[in-house]
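A.B. asks: Numbering (our numbering), first residue to last: 0 to 296.
A virtual CB, placed ideally from N, CA and C, is assigned to each residue, including glycine.
Predicted model only: the values in this text are computed from it and were never measured.
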């Protein structure tokens, strides 16, 4: 039993009241959304052909965009965190740019790059490859807005962990590939999981860039957010029901990303320390001190 208990500092009552007001501002709209659901029509609204098409397309494209983010985001985070390159601050700012620009601006930028008359789209069109207003455009738009979330999470994890374990592995004879697979990836574990689920959630909820770059064609480019926007004009009950699906997915994502215990998060996905060549852990063994003549160490 502790001799003295820690005294927690309570904020002023005015700040507590403002904090409660902020929480109400965040929670009240979602509570109203749940209250506005037509329970009797809910099964029919969620199983309609248009809703199922939009949900299926959203899941497929979001998974594809998340996979693309992993393939591109892990190397990009390593470059930003480990290489001391000139202009790294500018590169980091460009990586974060999709987070702050309006989504419709991102969609226009993608159109200027991959559209039929775009910077790369002209050459792709000459080769018979069309990207704009296709399902591929949906994946590209989702990856464009989701990639910064993954990169930020991974770079933060790499900077927090440092390079000591990786240097130890290299000094013990592990090659760069083995060091990356057995040391770097486990160190990135918590950030990798959080960044992946956040990237998936951002891809699933993408609206502006998708509408501008890919359009809204049922079964091809009309994702769930676009279906919600369309139903808002024709059937508000359907819009509320589909919005509730997106809210439920977001809650699951937040729980997966941040609902783990701190101890498990610190250990990473595997729950173990990084392995080093020949089963070593990277800890240095203390050598016994020899005694000098006369009995003194």
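1. When the Cα of residue 42 is compared with those of 236, 257, 72 and 91, which residue comes out closest?
2. Reducing DSSP to helix, strand and coil, say where residue 162 ends up.
3. Could you tell me which uninterrupted alpha helix (DSSP H) segments, each at least 4 residues in length, are contained entirely in the region 33 to 114, listed from first to last along the chain?
4. Over the uninterrupted alpha helix (DSSP H) stretch that includes residue 253, give me the two end residues.
5. Expressed to the nearest angstrom, what Euclidean distance is found between the alpha-carbon atoms of residue 168 and residue 69?
6. Can you give me the C-alpha to C-alpha distance between residue 265 and residue 189, rounded to a whole angstrom?
7. Where residue 214 and residue 220 are concerned, what is the direct C-alpha to C-alpha distance, given to the nearest angstrom?
8. Mind checking if residue 24 is an interface residue toward chain C, Cβ cutoff 9 Å exclusive?
9. Inspect the beta-carbon positions of residue 113 and residue 105 and report whether they are closer than 9 Å.
10. Let me know the secondary structure DSSP gives residue 139 once reduced to three states.
11. Compare the beta carbon distance of residue 209 and residue 225 with 9 Å and say whether it is the shorter of the two.
12. Under three-state DSSP, which class holds residue 201?
13. CA-CA distance, residue 269 and residue 164?
14. Considering only the beta carbon of each residue, do residue 23 and residue 243 sit closer than 9 Å?
15. From residue 148 to residue 184, what distance separates their C-alpha atoms?
C.D. replies: On the basis of the supplied data:
1. 236
2. coil
3. 41 to 45, 48 to 81, 87 to 99 and 102 to 113
4. 235 to 257
5. 24 Å
6. Unreliable positioning characterises residue 265 in this predicted model, as indicated by a pLDDT of 41, which lies under 50. The coordinate reading is nonetheless provided below. Approximately 7 Å, taken between the alpha carbons.
7. 6 Å
8. Any reference to chain C falls outside this structure, which holds one protein chain only.
9. no
10. helix
11. yes
12. helix
13. With a pLDDT of only 38 at residue 269, under the threshold of 50, the placement of this residue in the model should not be trusted; the figure read from the coordinates follows. Looking at the two C-alpha atoms, the distance is approximately 16 Å.
14. no
15. 17 Å
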